[in-house]
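**Q** Sending over a structure as structure tokens; questions will come in a sec.
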Amino acid sequence: MHNHGYEPQSKLWERFAASCWVLYPAIRDNSANKLQFASLLKIKSHYPPLCGIVQLSNSAALRFRNWSFTNKVSLFFPCRIFLLLLAVLASGCLQQIVIYPDSPAEKIMAAISSAVAEDDILSATAQIDLVTIHGYHPARAALIIKKPSYLRLELLPVIGTPDFFLVASPEKMSIFIPSKGKFYYGLPTQANLAKFLPWQFNIEDIVMIFAGTYPSLKEKVISYQSYHEKNFLRIEMTAQSGCSQIIWVGENNRLLKLVRNDEQGKEIYNVKYDRYDTKSSIAGEIIITMADGITSLSIKYSDLKIEKATDLSIFDLPIPANVKTITLD
């Protein structure tokens, strides 16, 4: 083995972290970033007997230094060091990415999801600012939601009664536009919702985001990875299809950011959660930005209330008299 002395600590840490897949942004698959065990532990017959000493620092970086011993060293000792090195690397990576039951990350995710329970109703007045390729569209609205997919949205004019009602439940969706005298109804699908609002979401996902949490991936088998990134906890969720999402959590288990990716790993949208009240676990402002970099939706809450659900009739919109009914399906 050649005597290279000490390699810079920062360089060794970069290589070690890359082997565990925990750096963000991710390091590309480049042979220059991988530990070259073969070259580090290479022994040639014309060299004197040498062995590598492995030193582990608190940062888990590895230092290698060659020592030449005057006494005879058995040939199998470098092999034992090599096996020890592999064991250390394997255990180090697993500790970085596996979430065990009752681990802090799992408890944090449960705390975020339970900020608004499934038997709670969240109601608020909201300032909605929508930006599309067609321009800027501000609106004031009354919003009522209940997990997993109950939604009532009424757009409030400056003067007079609401001129747009959208009500959705797991079974159906209804839209009433009084000024046009039209009542639409159909299944609560993303396609039907997009006919009235330029949101590329299904009802359940938008309810979860408006409730200050993150939507679930629609598959049974989900893998999780978590680690600290600066002062935040980063949690990655990946479905078997390749769909994934990442959340960043700050102090007091407050959700700060969400990024949703498709099967190819491309970003679909991201959500920022901001303006937390000192006594509230729900963000006072939620901003959704689509991957096109143009379309965005921000919602700012006022008069926010969370109450136990006792009557779900508010999520049922009766058909008014003397209006035209139109089916969406």
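Going left to right, the sequence shown walks through residues 13 to 341 as the working numbering numbers them. No residue lacks a Cβ here, since even glycine has one placed at the ideal position from N, Cα and C. Since this is a predicted model, take the numbers as computed values, not measurements.
#1: So, under 8 Å CB-CB, A117 and I247 are touching, yes? Tell me the CB distance rounded to an integer number of Å.
#2: Can you have a look at K158 and say buried or exposed, based on whether 16 or more other CB atoms are within 10 angstroms of its CB?
#3: Between the Cα of L155 and those of K312, P332, P210 and G198, spot the shortest distance and give me the residue it belongs to.
#4: Suppose the cutoff is 6 Å on Cβ atoms and the five residues either side in sequence are ignored; what does the same chain contact list for L258 look like?
#5: Output the distance between the C-alpha atoms of M185 and T144, rounded to the nearest integer angstrom.
#6: Using the DSSP secondary-structure output, state which residues sit across from K269 in a beta bridge.
#7: Whose C-beta lies closer than 7 Å to the C-beta of P174 among residues of the same chain, with five residues either side of it excluded?
#8: Contact between the segment 296 to 308 and the segment 184 to 202: three or more CB pairs below 8 Å?
#9: By Cβ distance below 8 Å, which residues in the same chain neighbour N265 in space, the five residues on each side in sequence not counted?
#10: Whole angstroms are fine: how far does the CA of E216 sit from the CA of L245?
#11: Using beta-carbon positions only, say whether K336 and F195 come within less than 8 Å of one another.
#12: Hey, out of T339, K317, D304 and G296, whose CA is closest to I140's CA?
#13: Going by beta carbon distance, what residues of the same chain come within less than 6 Å of T250, once the five residues before and after it are set aside?
#14: Taking the alpha-carbon positions, what's the E130 to T322 distance?
#15: At what residues does the beta strand (DSSP E) containing E319 begin and finish?
#16: Take P190 and list the residues in its own chain whose beta-carbon comes closer than 7 Å to its own, dropping the five residues that flank it on each side.
#17: Identify the residues that DSSP records as bridge partners of Q139: which are they?
#18: Using alpha carbons as the reference points, say which of I318, T307 and E183 lies closest to K291.
#19: A127 to G224, Cα distance in whole Å?
#20: Going by DSSP, what residue range makes up the alpha helix (DSSP H) through S125?
#21: Tell me which residue opens and which closes the beta strand (DSSP E) that F208 is part of.
#22: Would you mind stating whether Y226 and L267 have Cβ atoms separated by less than 8 Å?
#23: Do R164 and I326 count as a contact pair if the criterion is CB distance below 8 Å?
#24: Between which two residues does the beta strand (DSSP E) containing V219 stretch?
#25: Nearest to I231 by CA position, among M220, F213, Q252 and E275, is which residue?
#26: Ends of the beta strand (DSSP E) at S186?
#27: For W260, which residues from the same chain have a beta carbon less than 6 Å from its beta carbon, with the 5 sequence-adjacent residues on both sides left out?
#28: Are L340 and K192 closer than 8 Å when you measure CB to CB?
#29: Give the DSSP-derived three-state secondary structure of S325 in the structure shown.
#30: Beta strand (DSSP E) containing G305: first to last residue?
#31: If we call anything under 8 Å between Cβ atoms a contact, is Y288 one with V219?
**A** Short version:
#1: 6 Å
#2: buried
#3: K312
#4: Looking at the sequence provided, one finds Ile at residue 258 rather than Leu. Cβ neighbours of I258 beyond the five flanking positions: E248 and V271.
#5: 24 Å
#6: W260 and K284
#7: E166, L167 and L168
#8: no
#9: I120, A123, I124 and S293
#10: 25 Å
#11: yes
#12: G296
#13: S235 and S256
#14: 12 Å
#15: S308 to K320
#16: D175
#17: R152 and K312
#18: I318
#19: 8 Å
#20: P116 to S125
#21: Element bounds for F208: n/a, residue is neither H nor E.
#22: yes
#23: yes
#24: That residue, V219, is in no beta strand (DSSP E); its alpha helix (DSSP H) goes I215 to F222.
#25: The sequence shown places Glu at residue 231, rather than the Ile named in the question. Answer by Cα proximity: Q252.
#26: M185 to I189
#27: F244, R246, L268 and K269
#28: no
#29: helix
#30: Looking at the DSSP string, G305 is not in any beta strand (DSSP E), and its letter there is neither H nor E.
#31: no
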